[in-house]
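In this note's numbering, the protein residues as written are 81 to 269.
Single-structure report; data block below.
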Amino acid sequence: MTMKVENIWRADVQQRVFRELVEAFSRPGAIREIGDCIDGAVAQRAVLATLMDGEMTLADPHGQIAPADWPLLQAKPSANEHARYVAASGGRAPDFQPALGSLESPEFGATVLIEVDRLGQGETSLELAGPGINGQRQLRLAGLHPDWLTRRADWVGSFPLGVDVLLSDTRRIVALPRTTQIHISGGVR
81 MTMKVENIWR ADVQQRVFRE LVEAFSRPGA IREIGDCIDG AVAQRAVLAT LMDGEMTLAD
141 PHGQIAPADW PLLQAKPSAN EHARYVAASG GRAPDFQPAL GSLESPEFGA TVLIEVDRLG
201 QGETSLELAG PGINGQRQLR LAGLHPDWLT RRADWVGSFP LGVDVLLSDT RRIVALPRTT
261 QIHISGGVR
């Protein structure tokens with residue numbers, strides 16, 4: 081009897097997801113579609129399957145990760161303030177403090193993966209500017225608690241310290257590195 085492995089655990093699929101992650105961080109605010117290769121899995125889960133290994137630390141303050149996925153991810157569970165990656169729900173307030181790095185090692189700031197309801201449409205409209213954006217870029221989304229934007233501003237306020245954010249819905253991802261400036265142009269304030 082052969083056991084069928086979900087697509088997100090296959091190396092070729094993880095390579096495709098990784099390429100989309102590189103594109104997303106190269107072009108902040110640009111929505112990248114990964115749904116065609118993850119075979120019905122949620123984008124946040126596919127990203128975690130791609131990035132995690134036995135050396136990575138991962139926090140799950142909102143219970144995003146199914147217990148059965150932890151052994152497959154091989155990540156080391158960690159406290160929010162020490163984890164290199166944090167999986168979170170955009171619908172809940174960010175009631176935690178992630179790792180921000182240090183002046184000597186700002187690269188140790190966490191990457192926060194936030195799952196939202198929808199990217200590309202919704203009640204929240206953001207104006208983005210910064211490296212990787214020619215002028216400004218608009219991003220609409222739904223399902224992001226308003227406190228996320230305030231907390232992110234606090235977390236990146238002492239650049240180069242801060243966090244990088246990766247938003248996802250079921251099929252798409254969008255990156256907001258710590259260098260991206262965000263102005264709320266409509267919706268949640």
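For each residue, glycine too, the CB sits at the ideal point set by N, CA and C.
Please confirm whether Ala-123 and Ala-139 have their CB atoms less than 8 Å apart. no
Please classify Ser-182 as buried or exposed, where buried requires at least 16 neighbouring CB atoms within 10 angstroms. exposed
Just list the residues that DSSP pairs Pro-157 with in beta bridges. Leu-138
Tell me which same chain residues have a C-beta within less than 8 Å of the C-beta of Met-132, skipping the five on either side of it? Leu-138, Leu-153, Gln-154, Ala-155 and Tyr-165
Are Val-245 and Ile-213 close, meaning C-beta to C-beta below 8 Å? no
So, at 6 Å on beta carbons, what are the nonlocal neighbours of Gln-261 in its own chain, with the 5 sequence-adjacent residues on each side left out? Ala-209 and Gly-210
Does DSSP put Ser-248 in a helix, in a strand, or in coil? strand
Own chain partners of Gly-215 with C-beta closer than 8 Å, once the 5 adjacent residues on each side are dropped: Ala-209
Going by DSSP, which residues form a beta bridge with Glu-113? Arg-252
Look at the alpha carbon of Glu-161 and the alpha carbon of Asp-116, and state the distance between them as a whole number of angstroms. 34 Å
Status (buried if at least 16 other CB within 10 Å, exposed otherwise) for Gln-177: exposed
Which residue wins for smallest C-alpha separation from Gly-266, given the options Gly-143, Ile-253, Ala-126 and Ala-222? Ala-222
Measuring alpha carbon to alpha carbon, tell me which residue in Gly-171, Ile-111, Ser-106 and Asp-119 is nearest Val-85. Asp-119
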